[in-house]
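Below: the structure, in structure tokens.
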Amino acid sequence: FAPLLEEVYTQLGYTQTAQWVQVCHALLSWQEWHIQARAGLAPALQRWIEAPAVRQLLKINQYRGVWWFNKEAFDAARGWLLLMATLQILETEAPLRQSAAIMEAYALTRCLAEAEERSGYQVERLLEALD
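For the record, in the sequence shown the residue sitting at position 116 is 460 according to this note's numbering, with numbers rising by one throughout.
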């Protein structure tokens, strides 16, 4: 799927095609993140970051035995996750429920932001901060 997307984007004249394909691939691997997170944000995030596309997107790397993630990449991913949740909510939720559901998704992204601040950009500490 990724090579096909990359080819289409390239033919349409987009630059940084590989980056956009990576974002799409990573987001598609956690489409209902805001629903899965209700059972626990840390376990849901743990499963998501195990995907190779997500590890690349978040620029996760190991240095001296510690797994690190990139702040800017994580910040961007949070924005994409909120956008994806909002679009899904607008498509699937009843109109009277949409506002509350979007606010719930936003609250989850705030939890991610607060955990990021406490993590020192270490993956393990990020997950611990969400428990």
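Think of the CB as a built atom: it goes at the ideal place given N, C-alpha and C, for glycine as much as any other residue.
According to DSSP, which residues form a beta bridge with residue i?
{"i": "residue 405", "result": "412"}
{"i": "residue 466", "result": "412"}
Excluding the 5 residues preceding and the 5 following residue i in the sequence, name in chain order all residues of the same chain whose CB lies nearer than 6 Å to its CB.
{"i": "residue 433", "result": "442, 445, 446"}
{"i": "residue 463", "result": "469, 470, 473"}
Where does residue i fall in DSSP's three states?
{"i": "residue 375", "result": "coil"}
{"i": "residue 423", "result": "helix"}
{"i": "residue 461", "result": "helix"}
{"i": "residue 370", "result": "helix"}
{"i": "residue 437", "result": "coil"}
{"i": "residue 395", "result": "coil"}
Using C-beta distances below 8 Å, list every residue in its chain close to residue i, excluding the 5 sequence neighbours before and after it, in chain order.
{"i": "residue 375", "result": "428, 432"}
{"i": "residue 373", "result": "392, 395, 397, 398"}
Exposed or buried, what is residue i when buried is set at 16 or more other beta-carbons lying within 10 Å of its beta-carbon?
{"i": "residue 474", "result": "buried"}
{"i": "residue 365", "result": "buried"}
{"i": "residue 459", "result": "buried"}
{"i": "residue 388", "result": "buried"}
{"i": "residue 426", "result": "buried"}
Counting only the same chain and skipping the five closest in sequence on each side, list residues whose C-beta sits under 7 Å from that of residue i.
{"i": "residue 401", "result": "366, 367, 370, 417, 421"}
{"i": "residue 465", "result": "412, 413, 415"}
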